[in-house]
Structure formats: structure tokens, C-alpha cells
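J.: Same order as they appear, the protein sequences are chains X and R.
If you read the first sequence in numbering that gives the first Met the number 0, its first letter stands for residue 0, the second for the next number, and so on.
If you read the second sequence in numbering that gives the first Met the number 0, its first letter stands for residue 0, the second for the next number, and so on.
Cβ atoms here follow ideal geometry from the backbone N, Cα and C, with glycine treated the same way.
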Amino acid sequence: MPLVGFTMEQIGIVSYGAHIPRYRIKAEVIAAVWGKDGQAISRGLGIFEKSVPSVDQDTATISVEAIRAALKRCTLNPTDIGAIYVGSESHPYAVKPTGTIVGEAIGATPDLMVADYEFACKAGTAAIQTCFGLVKAGMIDYGVAIGADTSQAAPGDALEYSASAGGAAFIIGRTNVIATINHTLSYTTDTPDFWRRAEMKYPSHGGRFTGEPAYFKHITNCATNLMTKAGTKPQDYTYAIFHQPNGKFPVNVAKKLGFTIDQVKQGLMVPYIGNTYSGASMIGLASVLDVAKPGDRIFMTSYGSGAGSDGFDMTVTNNITRLSRQKAPTIAQLVADKEYVDYGTYAKMTNLLFWE
Amino acid sequence: MKAGVARFWREIPQRYNFIGNKCGTCERVFFPPRESCPYCRRKSIGNMKEIKLAGKGEVVTYTVIHVGPEDFEEQTPYPIAIIKLEEGPQITAQIVDCPLDEVKIGLKVESTFRKIQQDGHTGAIYYGYKFKKQRQ
Ligand SMILES: [Zn+2]
């Protein structure tokens, strides 16, 4: 991709890291409990297995592990971080920000802006936009955007095959940028496709309503608007990442927009780890950055129920060759490091048996 | 209430970031940090320097807990180890993400950030270090 005539301000990703809990449960093991055909469900959803958090893991611990991985890869002093925004729909506390725990655990406190974000599965990409804006405005040198979740689905619900755990963290700045964010925009409406009321443990969803008027409409419009603004076409991109609630939606939306499976597959992790909600598109982006080369152009569109999409047009710079990517595990390594659990252990680990 | 919110809050630097200290006279490292060096005593007063430990070490000895205390019942059986940190101090901590038959004396471990305990379903959540196998 030619970088000639590139006049945009060089703000973007400085480093990145991710965390995926190492326990997995296979879709067919869940299906067997409910008397369903596991192979048919796996094929239908495009999900073979999903990650399961341990009883001692939550969105705060996953966020801390992800940003610590990002810090290992670079030489940034944590006290130079001016803001931390954590996006999740499973913050451990309803009132008490996850970002405060993360800030303390990386030694970035106390001269620090912190807030938790909530926008279903796109809260983490909203955090990237906030950090980008703060850096661009000159209010901070570096900001941290995290998307992480330990999502739950009611036992027996269709979402039980996909709701999983994981997260990714991105340091946004204007020095040693490994991937510039050339353009970002969002597309937002009031669409009740999926929700969870404040006092409820498990979410509710609008069934078939989750597809066409929600996921597809928002991603397609956001992606199209972004390419118009950037003056690009699908063929201009090396990689494309879309929110991945299952293995089918992102592939279908990519095709509809004119992207190929070759552009999508590096960032498509849902078949092996399930839907990590706020972590989903960001873990996909981390997987792309694990292998990206200078000049690669990256397209990303997240989706959050409720509903909205955030789009990003990014270009990988020469600095990526100087980032110590090997100092933290790649997404492929995190995916490969696993141990299977049975349904009983899964129920115990995710506290399925507890309700008030 | 168990240990209490105030005590956990005071211990956050140790629990989150392995903040210990070092005697300026004999260079011994302490974790958790000490007011003075038990070897140099008066000579060390005002001469203790705060340091951040790497959170890496190896298993000196371990045991497997089959009947866990409150808050840990769901995790049994799990290994608890005495770990000698690279900087010298020895601490007791839980080993996670490791099959029981892979836990052994001499195993190289590194810290991981986990939930340690919580005051039931309504109280505070306490975070801190546990250990996992060191990444190759
Ligand atoms: Zn001494």
C-alpha cells in the first residue's frame, strides 16, 4: 500500500496485548446436556469451542493481563499513561470502575483519567475513539483502551454456545505508532436487539431481530460510510475485522461488503474461543497485529447491540518491526494453550448454579 | 467480613504490584516490605528503599488443598506453593492454570492477576497475585 501523500496526523496504536482464559468447553458438550445435535449447532454457528473463565477471573483480571502484555511489548513508562477506558458489559461492580483496578495494577495512578464504558460488544472500540480524540486534542500523551468480558448466557439459551471470556488492550498515542488510525467514525441508532436489565444476571435478546436490522444494518452502513470518508475500497485492505458474535455473521457481512475470506480469516477468532463480546473485534485486531507488516492496511468495524458500529481505517507503519511482539503471547499461542472442561465444571466455574 | 476492606486496601501495592523493599546496608530484599532490616537493625533505619519485584520465581515446595477454606471450596483440588522469588524472598501463593501433575519442586512460575476473595455476593472483591507456569 503506498504511503505517498499521507498527510494525516500520525496518531494510532503504540502497543497491544490480549488475554484469553485457558479453559475451553466444546459446543457439542453443551449441546449434549440439552439433547441437541452438537455438530449441527457447531456448523450452524461456526463455533467449535469457547473459552471459559476460572472462578478467579473476571473483566478486571482479564483487562489487567491484557494491558500488562501490551506494556511488556514496548518501553512505555506506565506513569506516562494519561487515561484508561475499559469497555465491558460484565464489569465486576455495577458501581466502582474497573479502570481504577487496572490503573493501580499497572502503576498508572493517580494522575489519570478513568471511566468504564458500556455499549454491549463495542464498548472497547468506543474507548479507542475516546483515546484517539484525547491524544489528538493534546490532552494526553498516551491513552489505554480495553475491551474485555466474561459474558454469560442463561443455561440452555442459544447464546450459551458462544458467550465466552477474553479481552484486548491497546495503547493509543502519537509516538512510536505501529498502526496509524487514519479515519474513525460510528453509526448509531436505537435498536432493541439485545439487552440486560440492571438487576438481571442473564441478557435477553430479540431472537431473529438480532441479524438483519441490527448487526448487518449497522456494520454495513458504518463500513460503507468509512470507506467513503477514507476514499477506499475493500481491495485496498490487507485485513478486515468485523464483530464476531458467531462464525457466520462476520463472513457474511464481509462478503456483502466486497471483502474476501482471505482478508477476514486472520482476525476471525470466534470459532476457537467463542464470542468475547467487548473483546471480540479487538482480539481480532490483536491477531492481525501479531502478523502485520509495514504498509498493511487494516479495516475494522465493531458492533454493539442497542445498537451501533465503530469503524476504523488503519495503516501499519515501519515501527511495528521495532515493537517486541515476542515478549507477550500471540493470539494463536493464547488460543492453543487450552484445557477442556466438562459441563459440570463449566457450570461451577461460571457460577451458573447461583441466583438470588 | 473477613480480612476487611481497609486491610486489603493498605496492601494493594504488594498484592497488585509486588512492591517490597531493600536494605540499603546489606542489600537484602523483603517482601512484604519491612520497617527495618532484621539483620542490620538500627543501621537500616531510614535506609530501606522501596523496590518493585518482578513477580517471577520457582516452587520450593507445595501441597494440594482438597478441603478448601470459605471462598476457595469451588477451586479444590488446587496447589498452594512456597515460591522463592528471583530477588530472594519466599512467599506462599496459589498456583493456577496448571494441571496438578505438572506442579513440581523447581517449577518456574510467574505472577498472574486474579480475584483472591470476595465478601459474599454483595461485598468488596479483593484482587492480587497468584502464580502460573512461566512462559517459555
Ligand atoms: Zn540489612
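1) Per DSSP, what are the beta-bridge partners of F193 (chain X) in this structure?
2) What are the residues in the region 111–131 of chain R lying within 8 Å of chain X by C-beta distance?
3) Could you tell me which whole beta strand (DSSP E) segments of length 3 or greater appear in the region 112–199 of chain X?
4) Should C221 (chain X) go down as buried or exposed, given a rule of 16 or more other Cβ atoms within 10 Å for buried?
5) With hydrogens ignored, establish whether the beta-carbon of R33 (chain R) is closer than 6 Å to any heavy atom of ligand 1.
6) List in chain order the residues whose CB is within less than 6 Å of at least one heavy atom of ligand 2.
7) Distance cutoff 7 Å, beta carbons only. Does T108 (chain X) sit that close to anything in chain R?
8) Scan the region 225–307 of chain X and note each continuous alpha helix (DSSP H) run of 4 residues or more that stays entirely inside, going in chain order.
9) For A82 (chain X), which of helix, strand or coil comes out of DSSP?
10) According to DSSP, simplified to helix, strand and coil, what is E72 (chain R)?
11) Starting from I11 (chain R), find everything on chain X with Cβ-Cβ shorter than 8 Å and list it in chain order.
12) Between E150 (chain R) and chain X, is there a C-beta pair that is closer than 7 Å?
13) Could you spell out where the beta strand (DSSP E) holding A80 (chain R) opens and where it closes?
14) Is A364 (chain X) buried or exposed, if buried means 16 or more other CB atoms sit within 10 Å of its CB?
15) Examine chain X for any beta-carbon lying closer than 7 Å to the beta-carbon of Y15 (chain R), and answer yes or no.
16) So, under 8 Å CB-CB, V315 (chain X) and A279 (chain X) are touching, yes? Tell me the CB distance rounded to an integer number of Å.
17) To be precise: take each residue of the region 329–345 of chain X, compare its Cβ to all Cβ atoms of chain R, and keep it if any distance is under 9 Å. Which residues remain?
18) Kindly list the residues whose CB is nearer than 7 Å to the CB of Q133 (chain R), restricted to its own chain and excluding five residues on each side of it in sequence; keep chain order.
19) Taking Cβ positions, are A69 (chain X) and G16 (chain X) nearer each other than 7 Å?
20) Pull up the distance between the alpha-carbon of V134 (chain X) and that of P154 (chain X), whole angstroms please.
21) Within 10 Å of its beta-carbon, does G137 (chain X) have 16 or more other beta-carbons around it, so buried, or fewer, so exposed?
T.: Concretely, from the data shown:
1) X:H204
2) T111, F112, R113, K114, I115, H120, I124, Y126 and K129
3) 112–116, 141–149, 164–172 and 178–190
4) buried
5) no
6) The model depicted lacks ligand 2 and carries ligand 1 instead.
7) no
8) 248–256, 260–263, 269–272 and 279–290
9) strand
10) helix
11) E103
12) Because chain R here runs from 0 to 135, residue 150 (chain R) falls outside it and cannot be looked at.
13) Y77 to L84
14) Nothing in the structure corresponds to residue 364 (chain X), since chain X is present only between 0 and 355.
15) yes
16) So it is not a contact: roughly 21 Å between Cβ atoms.
17) Q332, D336 and E338
18) K55, K107, V108 and E109
19) yes
20) 43 Å
21) exposed
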